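Enquirer:
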Amino acid sequence: MALVPEKGTHDGAAGEAVREAVARARAAQSSWAALSYAQRAARLKKAGRYLASHIDEITETIHRENGKLRMDALAAELLPAVLAFSYYSKRGRKFLAPRKLRGGSLLMFNKQSILVKKPWGVVGIISPWNYPFAIPFSEAVMALLAGNAVILKTASVTPGAGRAIAGIFGAADLPEGLFTHVEIPGAKAGPAFISGGVDKLFFTGSTATGKEIMALAASRLLPLVLELGGADAAIIRGDADLDRAALGVLWSGFSNAGQSCGGAQRILVHRDVYRPFLEKLCALVRNFRAGEGEDSDFGPMTTVKQKEAVEKQIAACLAMGAKIAAQSAAPGPGVSFPAERFIPATVLTDLGPETPLMTDEIFGPVVGVCPVQDDDEALRIANSSSYGLTGSVWSKDRRRAREIAARMNAGAVMVNDHLMSHGLAETPWGGFGDSGLGKTHGEAGFAEMLKTTVVVDDALPGTRRNLWWHPYSEEVFRGIRAAAVFAAASPLSKKLRAVPTLLKIFFRYWKKE
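Positions 2 to 514 (our numbering) are the ones given, in order, by the sequence shown.
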């Protein structure tokens with residue numbers, strides 16, 4: 002276990018810090034990967050016990066650094082982390098097991114293919130400030146269980162969350178250098194990790210930064226998983242339970258002060274229930290209590306810079322004709338966070354298709370509510386975004402809701418819920434388009450921690466050659482042609498006529514030329 006302090010503000014120092022960490026990690030990883038899965042899981046159990054005994058301490062760290070309410074930190078970071086640790090520890094053995102592939106053709110009956118999975122080596126993780134603990138923790142657990150070493154860089158504004166993760170894995174019986182938390186400037190992290198020699202990089206952050214990292218990684222053909230932004234749509238059908246839908250939009254749109262890439266942003270409501278839904282949502286927002294205590298409903302933004310960016314986006318929407326339907330009150334006296342970090346929860350209406358809320362990610366407590374004629378219009382608007390992270394459909398007709406959900410251009414779509422799928426360890430997380438590429442969480446996320454080799458074994462004993470090997474002849478040519486006719490979508494009569502010609506070369510497997 003090691004913590005590498007920030008060495009400077011230039012690329013060279015950051016790159017050197019990562020290179021040194023990678024060198025130590027690579028030395029430790031070979032012995033770690035040589036252990037059985039049961040041995041790795043047993044050693045990591047100590048980390049799980051440490052986590053369980055430090056839940057309150059880590060919750061407080063996240064609250065103080067990020068600004069999110071303790072409730073949000075506990076429900077959306079600590080609880081998912083605990084569930085993820087348990088899930089991957091139990092299921093990882095199955096995810097790692099070699100898998101025999103079913104044969105694809107009778108003609109290749111003698112070939113048996115087996116998928117063998119193995120760790121990449123040294124995995125780099127660059128994580129964000131909005132969920133500074135849960136996101137990197139789950140990725141690190143999967144990486145370590147899979148047999149990798151890990152180099153973690155958490156956001157510069159939330160270093161305590163990274164140190165907490167380092168403390169958790171420091172409590173486990175890991176080889177020295179297998180897990181390292183580096184503290185380097187955020188702007189230098191991407192280039193430092195790419196030049197530093199990691200074997201695969203997981204990045205969670207803005208779409209703009211993700212594209213820059215992808216461009217840099219191209220020079221090495223470095224494999225990436227990019228979890229980027231979102232502008233999620235929630236479709237409220239005419240038969241929805243409006244009370245539940247309003248509460249669900251409220252939580253998914255405004256928890257963590259709206260700083261969730263998978264939060265509800267574009268609320269598309271059937272015209273028949275648009276007014277009653279809007280009234281319910283606005284009433285809830287007006288009663289929202291800003292603050293930081295356990296009786297508060299939402300807290301401050303993580304940074305003043307992010308608050309100012311959201312205010313600028315709201316102003317742009319209003320300049321284009323949008324209207325404020327409701328806002329929450331300012332926090333009362335006695336909060337310890339600076340007042341300039343608070344922004345009211347805001348509901349916008351009268352949104353044109355080009356307003357920022359409909360086209361861009363607004364990383365703050367703002368949702369827009371728009372009426373739609375029917376399911377098709379809702380889907381058209383929902384799928385018009387360049388983002389494709391998550392979405393939701395709200396309806397009492399769950400079968401119809403699932404049909405609509407399957408047509409949404411999003412990596413994860415929930416029925417009568419939103420945002421929470423990130424907390425399901427078994428459920429893949431990842432989007433399309435400007436929302437990134439690859440998956441984290443679930444079996445698909447675990448698979449990203451592994452590279453796969455297919456081993457093709459010839460199970461036919463005593464053979465001297467394949468049918469198509471040298472020396473060539475007219476008889477071999479006719480036999481291989483007959484094999485193609487037999488395998489193709491030919492009429493049964495043609496298949497049967499091809500069999501005698503194919504059988505003439507069958508014994509070539511054992512024939513001496």
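In this text, a Cβ means the ideal position worked out from N, Cα and C, and glycines have one as well.
All values derive from a computational prediction rather than experimental measurement.
Since VAL455 and LEU97 are thought to touch, with beta carbons under 8 Å apart, how far apart are those beta carbons, to the nearest angstrom?
Expert: Within the sequence shown, residue 455 is the residue found at index 454, counting from 1. Within the sequence shown, residue 97 is the residue found at index 96, counting from 1. 15 Å between Cβ atoms; not a contact.
Enquirer: Cα separation between ALA3 and GLU177?
Expert: Position 2 of the sequence shown, counting from 1, holds the residue named residue 3. Position 176 of the sequence shown, counting from 1, holds the residue named residue 177. Since pLDDT at ALA3 reaches only 48, below the 50 mark, its modelled position is unreliable, and no value is offered.
Enquirer: Candidates LYS118, PRO160 and TYR88: which alpha carbon is nearest LYS101's?
Expert: Your numbering for residue 101 matches position 100 in the sequence shown. Among LYS118, PRO160 and TYR88, the Cα nearest to that of LYS101 belongs to LYS118.
Enquirer: Among residues of its own chain, excluding the 5 on either side of PHE203, which ones have a beta-carbon nearer than 6 Å to its beta-carbon?
Expert: Taking the sequence shown and counting its residues from 1, the one referred to as residue 203 is at position 202. For PHE203, where only same-chain residues beyond five positions count, the Cβ hits under 6 Å are ILE126, GLU140 and VAL226.
Enquirer: Suppose the cutoff is 7 Å on Cβ atoms and the five residues either side in sequence are ignored; what does the same chain contact list for ARG479 look like?
Expert: Position 478 of the sequence shown, counted from the first residue, corresponds to residue 479. Excluding sequence neighbours, ARG479 sits near THR502.
Enquirer: Cα separation between ALA247 and GLY446?
Expert: The residue given as residue 247 occupies position 246 in the sequence shown. The residue given as residue 446 occupies position 445 in the sequence shown. If you take the alpha carbons of ALA247 and GLY446, they lie about 31 Å apart.
Enquirer: Note down the Cα distance separating VAL5 from ASP242, rounded to an integer number of angstroms.
Expert: By one-based count along the sequence shown, residue 5 stands at place 4. By one-based count along the sequence shown, residue 242 stands at place 241. Note that VAL5 scores 46 on pLDDT, short of 50, meaning its location in the model is unreliable; the coordinates nonetheless yield the value given after this. Rounded to the nearest angstrom, the two C-alpha atoms are 51 Å apart.
Enquirer: For TRP430, which residues does DSSP report across the bridge?
Expert: Against the sequence shown, residue 430 aligns to sequence position 429. Paired residue(s): THR441.
Enquirer: What would DSSP say about GLU228, mapped onto helix, strand or coil?
Expert: Position 227 of the sequence shown, counted from the start, is the residue given in the question as residue 228. The answer is strand: DSSP assigns GLU228 an E or B state.
Enquirer: Using 8 Å for Cβ pairs, my map puts VAL311 next to ALA326. What's the rounded Cβ distance?
Expert: The residue given as residue 311 occupies position 310 in the sequence shown. The residue given as residue 326 occupies position 325 in the sequence shown. Between ALA326 and VAL311 the Cβ distance is about 17 Å, and since that is not below 8 Å, they are no contact.
Enquirer: Which of the three DSSP states is assigned to GLN30 in this structure?
Expert: Counting from 1 along the sequence shown, the entry for residue 30 is found at position 29. GLN30: helix per DSSP, three-state reduction.
Enquirer: Taking the alpha-carbon positions, what's the ALA18 to PRO186 distance?
Expert: The count along the sequence shown starts at 1 and reaches residue 18 at position 17. The count along the sequence shown starts at 1 and reaches residue 186 at position 185. Going from the Cα of ALA18 to the Cα of PRO186 covers about 11 Å.
Enquirer: Whose C-alpha, out of GLY439, LEU352 and GLY369, is nearest the C-alpha of GLY254?
Expert: The residue you call residue 254 lines up with position 253 of the sequence shown. With distances taken between Cα atoms, GLY254 lies closest to GLY369.
Enquirer: Within this structure, are the beta carbons of ALA162 and THR62 separated by less than 8 Å?
Expert: Taking the sequence shown and counting its residues from 1, one reaches residue 162 at position 161. Taking the sequence shown and counting its residues from 1, one reaches residue 62 at position 61. A contact, by the Cβ cut-off of 8 Å.
Enquirer: Does DSSP classify VAL336 as helix, strand or coil?
Expert: Translated into positions along the sequence shown, residue 336 becomes position 335. Coil, per DSSP.
Enquirer: Could you check whether LEU107 and ALA484 sit closer than 8 Å to each other, using their CB atoms as the reference points?
Expert: The residue labelled residue 484 in the question sits at position 483 within the sequence shown. The residue labelled residue 107 in the question sits at position 106 within the sequence shown. Their beta carbons are not under 8 Å apart, which means ALA484 does not touch LEU107 by this criterion.
Enquirer: Please state the DSSP three-state secondary structure of LEU4.
Expert: One-based indexing of the sequence shown puts residue 4 at position 3. With a pLDDT of only 45 at LEU4, under 50, the local geometry of the prediction cannot be trusted, and no value is derived from it.
Enquirer: Which of the three DSSP states, helix, strand or coil, is assigned to LEU153?
Expert: Reading the sequence shown from its first residue, position 152 is the one you call residue 153. In the structure shown, LEU153 sits in a strand (DSSP, three-state: E or B).
Enquirer: With a 10 Å radius around its C-beta and 16 neighbouring C-beta atoms as the bar for buried, classify LEU461 as buried or exposed.
Expert: For the purposes of this step, residue 461 is identified with residue 460 of the sequence shown, where counting begins at 1. Exposed, because fewer than 16 other Cβ atoms sit within 10 Å of the Cβ of LEU461.
Enquirer: Does THR208 pass the burial test, meaning 16 or more other C-beta atoms within 10 Å, or should it be called exposed?
Expert: Here residue 208 refers to the residue found at position 207 of the sequence shown. With 16 or more Cβ atoms within 10 Å of its Cβ, THR208 is classed as buried.
Enquirer: Which stretch, first to last residue, makes up the beta strand (DSSP E) that contains LEU108?
Expert: Locating residue 108 in the sequence shown gives position 107, where the first residue counts as 1. Careful: LEU108 lies outside any beta strand (DSSP E) and carries neither H nor E.
Enquirer: Taking GLY437 as the reference, give the member of THR181, PRO492, ASN131 and LYS212 with the closest Cα.
Expert: The residue labelled residue 437 in the question sits at position 436 within the sequence shown. The candidate whose alpha carbon is nearest that of GLY437 is LYS212.
Enquirer: With a 10 Å radius around its C-beta and 16 neighbouring C-beta atoms as the bar for buried, classify PRO99 as buried or exposed.
Expert: Here residue 99 is taken as the residue at index 98 of the sequence shown, counted from 1. Flag for PRO99 reads exposed.
Enquirer: Have a look at MET215, LEU425, ARG342 and THR453 and flag the residue whose alpha-carbon is nearest the alpha-carbon of THR441.
Expert: On the sequence shown, residue 441 is found 440 positions in, with the first residue counted as 1. It is LEU425.
Enquirer: Could you check which residue in GLU427, SER396 and GLY431 has the C-alpha nearest to that of GLY412?
Expert: Within the sequence shown, the letter at position 411 stands for residue 412. It is GLY431 whose Cα lies nearest to the Cα of GLY412.
Enquirer: Would you mind stating whether ALA173 and ARG92 have Cβ atoms separated by less than 8 Å?
Expert: Your numbering for residue 173 matches position 172 in the sequence shown. Your numbering for residue 92 matches position 91 in the sequence shown. Against a cut-off of 8 Å, the Cβ pair of ARG92 and ALA173 comes out as no contact.
Enquirer: Between GLY191, GLU404 and PHE134, which has its C-alpha nearest VAL416's C-alpha?
Expert: The count along the sequence shown starts at 1 and reaches residue 416 at position 415. Minimum Cα distance to VAL416 is reached at GLU404.
Enquirer: Pick out whichever of PHE343, LEU279 and GLY439 has its Cα sitting closest to the Cα of GLY389.
Expert: Locating residue 389 in the sequence shown gives position 388, where the first residue counts as 1. It is GLY439.
Enquirer: Less than 8 Å separating the beta-carbons of PRO372 and VAL270?
Expert: Against the sequence shown, residue 372 aligns to sequence position 371. Against the sequence shown, residue 270 aligns to sequence position 269. With contacts defined by Cβ atoms closer than 8 Å, PRO372 and VAL270 form a contacting pair.
Enquirer: Would you call the region 130-138 and the region 21-34 touching, i.e. three or more CB-CB distances under 8 Å?
Expert: no
Enquirer: Excluding the 5 residues preceding and the 5 following ALA15 in the sequence, name in chain order all residues of the same chain whose CB lies nearer than 6 Å to its CB.
Expert: Along the sequence shown, one-based indexing puts residue 15 at 14. Hits under 6 Å: ILE185, LYS189 and ALA193.
Enquirer: Can you tell which of MET143, ALA156 and GLY191 has the C-alpha that lies nearest to the C-alpha of PHE170?
Expert: Within the sequence shown, residue 170 is the residue found at index 169, counting from 1. Residue MET143 is the option with its Cα nearest to PHE170.
Enquirer: State the Cα-Cα distance for the pair VAL151 and PRO492, rounded to the nearest angstrom.
Expert: Position 150 of the sequence shown, counting from 1, holds the residue named residue 151. Position 491 of the sequence shown, counting from 1, holds the residue named residue 492. When rounded, the distance between both Cα atoms is 56 Å.
Enquirer: Compare the Cα-Cα distances from GLY68 to each of LEU223, HIS182, GLY259 and GLY353 and report the closest residue.
Expert: Here the question's residue 68 lines up with position 67 in the sequence shown. Checking every option, the nearest Cα to that of GLY68 belongs to GLY259.
Enquirer: For the alpha helix (DSSP H) that LEU503 lies in, which residues bound it at each end?
Expert: Position 502 of the sequence shown, counted from the start, is the residue given in the question as residue 503. Where LEU503 is concerned, the enclosing alpha helix (DSSP H) stretches over 493-507.
Enquirer: Less than 8 Å between the beta carbons of GLY148 and ASP200, yes or no?
Expert: Taking the sequence shown and counting its residues from 1, the one referred to as residue 148 is at position 147. Taking the sequence shown and counting its residues from 1, the one referred to as residue 200 is at position 199. Cβ atoms of GLY148 and ASP200: not closer than 8 Å.
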